[in-house]
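**Q** Residue numbers (our numbering): 1221 to 1397. The following block contains the structure, expressed as structure tokens.
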Amino acid sequence: MSRVAKNPIPLPSGVAAEIGAESVVIKGTRGTMSRPLSPLVAVTLSEGALAIARRSETKAANMMAGTYRALLANMVLGVSSGFKKKLEINGVGYRAQVQGKTLNLTLGYSHPIKLEIPEGITIKTPSVTEVLVEGNDKQQVGQVAANIRAFRPPEPYKGKGIKYSDEVIVRKEAKKA
């Protein structure tokens, strides 16, 4: 069996799991998340932990067991503490501002960029050059952060653009005459 799938997923206090025939529902302090189950994987709840098992001895079942273990672990973490991505904006005149359910970005284009904030995601701007994306679903938080970054990716000469806070921009030397 997959090494990843062998590890049980401990449920922290305040998190409950319900295993149905076709889906797993995890409830926590930050909300509820559910995921349909693959016919190749079986999930059991014992002693405050979720265990993943293969239903057959195929390679596909082995892969799905590891995948579902990771997905369920992310769901447990999401409903208990949530996920965050921090973005930094570098550039003269570049700024971000949240107004209601819209993120307004000024990134040096001839027009301002307005991004509707999806359901389940909260976006905060502690300063005009910082954007904080938070939510319960790891995939959705990462996708929204990637969409924001795609409006103006950082360029290698001056480092202008939107980057993740932990991202390192490899700088290039300018051409010399």
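Where is the CB? At the ideal position from N, CA and C, for every residue including glycine. These numbers come from a predicted model, not from an experiment.
Is it buried or exposed for G1320, if we count other Cβ within 10 angstroms and need 16 for buried?
**A** By the 10 Å Cβ count, G1320 comes out exposed.
**Q** In angstroms with no decimal places, state the Cα-to-Cα distance between P1374 and I1389.
**A** About 7 Å.
**Q** To which residues of the same chain is K1247 closer than 6 Å at the C-beta, ignoring the five residues directly before and after it?
**A** So the list reads A1236, once near-sequence residues are dropped.
**Q** So, using beta-carbon positions, are I1341 and V1353 closer together than 8 Å?
**A** Yes, the pair counts as a contact, with Cβ atoms nearer than the cut-off.
**Q** Are L1215 and V1244 closer than 8 Å when you measure CB to CB?
**A** With the chain covering only 1221 through 1397, there is no way to say anything about residue 1215.
**Q** Evaluate V1364 with the Cβ neighbour count: other Cβ atoms within 10 Å of its Cβ, from every protein chain shown; 16 or more gives buried, anything less gives exposed.
**A** Buried, because 16 or more other Cβ atoms sit within 10 Å of the Cβ of V1364.
**Q** What does the Cβ neighbour count give for T1345, buried or exposed, with the cut at 16 atoms within 10 Å?
**A** T1345 comes out buried.
**Q** Looking at C-alpha atoms only, which residue of K1304, I1239, H1331 and G1302 is the closest neighbour of R1315?
**A** For the residues K1304, I1239, H1331 and G1302, the minimum Cα distance to R1315 belongs to H1331.
**Q** Less than 8 Å between the C-beta atoms of K1380 and N1310, yes or no?
**A** Against a cut-off of 8 Å, the Cβ pair of N1310 and K1380 comes out as a contact.
**Q** Tell me whether L1257 sits in a helix, a strand or coil according to DSSP, three-state version.
**A** Coil.
**Q** When we look at the beta-carbon of Y1274 and count the other beta-carbons within 10 Å, is it buried (16 or more) or exposed?
**A** The identity of residue 1274 in the sequence shown is Arg, whereas the question assumes Tyr. Buried.
**Q** If you drop the 5 nearest sequence neighbours on each side, which residues of the same chain put their C-beta closer than 8 Å to that of P1256?
**A** Answer for P1256: E1242 and S1243, listed in chain order.
**Q** Counting only the same chain and skipping the five closest in sequence on each side, list residues whose C-beta sits under 6 Å from that of T1264.
**A** The answer, listed in chain order, is A1271.
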